[in-house]
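There are 2 protein chains.
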Amino acid sequence: MADGTDRPGHGAGGGRPLRLSAYLPYRLSVASNKASSIIARAYQARFGLTIWEWRVIAVLGEGAALTAQAICEATAMDKVTVSRAIRALDERGLIARTPSATDRRASDVALTKEGRAVYQDIAPLALDYERALLDGFSADERARLSDLLERLEARADALNADGDGF
Amino acid sequence: MADGTDRPGHGAGGGRPLRLSAYLPYRLSVASNKASSIIARAYQARFGLTIWEWRVIAVLGEGAALTAQAICEATAMDKVTVSRAIRALDERGLIARTPSATDRRASDVALTKEGRAVYQDIAPLALDYERALLDGFSADERARLSDLLERLEARADALNADGDGF
DNA sequence: TGAATTTAGTTGCAAATGATACTACCTTGC
DNA sequence: GCAAGGTAGTATCATTTGCAACTAAATTCA
Chain S
26 MADGTDRPGH GAGGGRPLRL SAYLPYRLSV ASNKASSIIA RAYQARFGLT IWEWRVIAVL
86 GEGAALTAQA ICEATAMDKV TVSRAIRALD ERGLIARTPS ATDRRASDVA LTKEGRAVYQ
146 DIAPLALDYE RALLDGFSAD ERARLSDLLE RLEARADALN ADGDGF
Chain C
26 MADGTDRPGH GAGGGRPLRL SAYLPYRLSV ASNKASSIIA RAYQARFGLT IWEWRVIAVL
86 GEGAALTAQA ICEATAMDKV TVSRAIRALD ERGLIARTPS ATDRRASDVA LTKEGRAVYQ
146 DIAPLALDYE RALLDGFSAD ERARLSDLLE RLEARADALN ADGDGF
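Quick note, the sequences are listed as chains S and C, same order.
So the first sequence is numbered by the working numbering: it starts at 26 and just counts up by one.
So the second sequence is numbered by the working numbering: it starts at 26 and just counts up by one.
Pasting the structure below:
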């Protein structure tokens with residue numbers, strides 16, 4: 026084995042060795058955290074909003090009133106997190122709940138006037154940040170990134186669904 | 026406001042509206058969480074390892090003994106998290122600490138025999154998982170994804186560094 | 001109909017996390 | 001060689017998170 030290829034850290038495994046710094050789930054996690062951290066701090070500092078409260082405001086800002094359940098789906102948050110975010114926003118008067126006409130367990134949640142005002146402040150800032158993040162990416166690269174992320178999500182979903190063999 | 030063009034959700038802002046489902050930091054976060062969740066559950070279930078303990082093992086498995094500080098840098102974890110992961114792994118006998126020769130505050134951390142055995146089990150599984158995740162991606166697409174993530178990280182770092190205007 | 005199951009949303013509790021402060025040690029500059 | 005400041009790593013405490021259990025209402029189906 027005097028040939029330098031058999032470095033410590035990987036046995037007879039054959040394929041490429043595991044290097045954390047090149048491992049996709051790790052890379053995704055790091056990129057995601059870096060991308061989120063500034064904006065999260067900004068929203069905390071400027072509006073006193075957690076990232077989950079921000080997400081709820083963002084989807085409600087798109088227009089429609091949504092049930093907590095619909096918010097879960099739209100934000101990829103779980104129902105406990107959504108419940109807590111809704112309560113916090115409600116206490117601050119940024120959203121209002123009205124009993125659902127069709128399901129007495131559920132409420133329709135919508136931004137109040139104040140909530141909409143916050144949204145109007147927040148949205149441009151968020152878009153500015155995204156622009157800054159993608160500065161230097163061509164339109165083609167942006168499209169590719171979007172496509173790759175979408176396919177990655179789809180693969181992960183597929184693995185989550187059946188592949189509990191992992 | 027009777028004209029239908031002023032849909033709720035974006036004011037006079039001009040550019041594209043904010044849609045959470047198309048917002049890059051959100052997309053990254055969702056993709057990252059999905060990609061990590063299966064593997065995290067697998068490591069928890071099969072080895073009783075948290076994702077941070079796993080990261081520490083992964084970098085130590087690359088060969089060199091590292092100080093906690095070096096592990097922080099290699100894993101993008103903060104020092105408290107690293108400290109806790111090291112303690113847990115130490116208690117389980119998967120790593121050993123030896124006082125650093127050059128700095129009496131620090132220890133060199135390395136995998137024990139048992140730790141290396143765990144690593145040998147873990148690494149192929151992690152690589153299988155990554156392969157499954159990237160199934161259907163051409164070599165070119167993988168390279169592009171890697172490049173895009175790297176540039177994204179660099180942009181985020183730059184914004185984190187100076188752009189506290191956010 | 002009406003028992004059994006499912007779903008919407010909340011609550012309580014245990015565990016994980018993060019900020020801060022702390023000890024011990026190192027480094028710098030005088 | 002020693003005071004002032006910085007760094008490695010740990011401990012402490014408050015907050016956040018996630019799971020499971022719970023209530024109330026809807027749905028299923030015998």
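A virtual CB, placed ideally from N, CA and C, is assigned to each residue, including glycine.
Just reading off the beta strand (DSSP E) that residue 56 of chain C is part of, what are its end residues? Looking at the DSSP string, residue 56 of chain C is not in any beta strand (DSSP E); the run it does join, the alpha helix (DSSP H), is 49–72.
| task | Verify whether the separation of the beta carbon atoms of residue 58 of chain C and residue 101 of chain S is less than 9 Å. | result | Residue 101 of chain S is positioned such that its CB atom lies closer than 9 Å to that of residue 58 of chain C.
Could you give the distance in angstroms between the alpha-carbon of residue 42 of chain C and the alpha-carbon of residue 68 of chain S?
-> Answer to the nearest angstrom: the Cα atoms are 18 Å apart.
Reduced DSSP category for residue 123 of chain C - H, G, I as helix; E, B as strand; rest coil: DSSP places residue 123 of chain C in strand when its eight states are reduced to three.
Within the same chain, show all residues whose beta-carbon is closer than 8 Å to that of residue 114 of chain S, passing over the 5 residues directly before and after it, in chain order. So the list reads 78, 81, 82, 120 and 140, once near-sequence residues are dropped.
Original post:
Are the C-beta atoms of residue 171 of chain C and some chain S residue less than 9 Å apart?
Top reply: Chain S contact via Cβ: present.
Do we get a CB-CB distance below 9 Å when we pair residue 32 of chain S with the residues of chain C?
In this predicted model, residue 32 of chain S has a pLDDT of only 44, less than 50, meaning its place in the structure is not dependable enough to derive any value.
Q. Which residue comes first and which comes last in the alpha helix (DSSP H) that contains residue 184 of chain S?
A. Unbroken alpha helix (DSSP H) run through residue 184 of chain S: 164–186.
Original post:
Taking the alpha-carbon positions, what's the residue 112 of chain C to residue 54 of chain C distance?
Top reply: Using only the alpha carbons, I get a separation of about 29 Å.
Give the DSSP bridge partners of residue 91 of chain C, in chain order. According to DSSP, which records beta bridges pairwise, residue 91 of chain C is partnered with C/134.
Original post:
From the beta carbon of residue 26 of chain C, is the nearest beta carbon of chain S less than 9 Å away?
Top reply: Residue confidence is low: residue 26 of chain C scores 40 on pLDDT, short of 50, so the model does not pin down where it sits. Its coordinate-derived value is still stated next. Not closer than 9 Å to any Cβ of chain S, the Cβ of residue 26 of chain C fails to qualify, so no.
Should the segment 88–102 of chain C be called in touch with the segment 150–162 of chain C, which here means at least 3 C-beta pairs below 8 Å?
-> No: fewer than three Cβ pairs fall under 8 Å.
Could you check whether the Cβ of residue 139 of chain S sits closer than 9 Å to any Cβ belonging to chain C?
Residue 139 of chain S has a beta carbon lying at 9 Å or more from every beta carbon in chain C.
* **Between the CA atoms of residue 88 of chain C and residue 84 of chain S - distance to the nearest angstrom** => In a straight line, the C-alpha of residue 84 of chain S is about 46 Å away from that of residue 88 of chain C.
Starting from residue 178 of chain S, find everything on chain C with Cβ-Cβ shorter than 9 Å and list it in chain order.
Neighbours of residue 178 of chain S on chain C, chain order: 52, 55, 56, 59 and 60.
- Endpoints, alpha helix (DSSP H) assigned at residue 115 of chain C: In the DSSP assignment, residue 115 of chain C falls within the alpha helix (DSSP H) that extends over 104–116.
Can you list, in chain order, the residues of its chain with a C-beta nearer than 7 Å to that of residue 36 of chain C? Leave out the 5 residues immediately preceding and following it.
The predicted model places residue 36 of chain C with a pLDDT of 44, which falls under 50 and marks its position as unreliable; any figure quoted below should be read in that light. Same-chain partners within the cutoff: there are none.
- Is there a Cβ from chain C that is less than 9 Å from the Cβ of residue 47 of chain S? Yes, contact with chain C.
Inter-residue spacing [alpha-carbon to alpha-carbon] between residue 44 of chain C and residue 166 of chain C
Taking the straight line joining both Cα atoms gives about 26 Å.
Find the nearest neighbour of residue 47 of chain C within the set S/174, S/183, S/145 and S/184, judged by alpha-carbon distance.
If we check each option's Cα against that of residue 47 of chain C, S/174 comes out closest.
Identify the continuous alpha helix (DSSP H) that holds residue 83 of chain C and give its terminal residues. It spans 76–85 - the alpha helix (DSSP H) in which residue 83 of chain C sits, taken as one unbroken run.
Margin query: Using a Cβ-based criterion (distance less than 8 Å to any ligand heavy atom), does residue 97 of chain C qualify as near the ligand NAP?
Written below: Although the ligand NAP was asked about, the structure shown includes no ligands whatsoever.
query = When you compare only the Cα positions, how much space is there between residue 172 of chain S and residue 72 of chain C?
reply = Approximately 34 Å, taken between the alpha carbons.
*Please classify residue 132 of chain C: is it buried, with 16 or more other beta-carbons within 10 angstroms of its beta-carbon, or exposed?*
Buried, by the Cβ-count rule.
Practice prompt. Please work out which residues of its chain come closer than 8 Å, Cβ to Cβ, to residue 63 of chain C, disregarding the five sequence neighbours upstream and downstream, and give them in chain order.
Written response: The residues are 154.
Worksheet entry | residue 124 of chain C, buried or exposed, once every other Cβ within 10 Å from all chains shown has been counted against 16 | Exposed, by the Cβ-count rule.
Exercise. Could you confirm whether any beta carbon from chain S is found closer than 9 Å to the beta carbon of residue 74 of chain C?
Key: No - not a single Cβ of chain S is within 9 Å of the one on residue 74 of chain C.
What residues from chain S crowd round residue 80 of chain C, counting only those whose CB sits closer than 8 Å? What residue 80 of chain C touches in chain S: 45 and 51.
*asked:* Could you check whether the Cβ of residue 63 of chain S sits closer than 9 Å to any Cβ belonging to chain C?
replied: Closer than 9 Å to some Cβ of chain C, the Cβ of residue 63 of chain S qualifies, so yes.
### Message
If we define contact as Cβ-Cβ less than 9 Å, is residue 133 of chain C a contact residue for chain S?
### Response
No, no contact with chain S.
Requested in this report: Return helix, strand or coil for residue 158 of chain S, following the three-state DSSP convention.
Outcome: Of the three classes helix, strand and coil, the one that applies to residue 158 of chain S here is helix, per DSSP.
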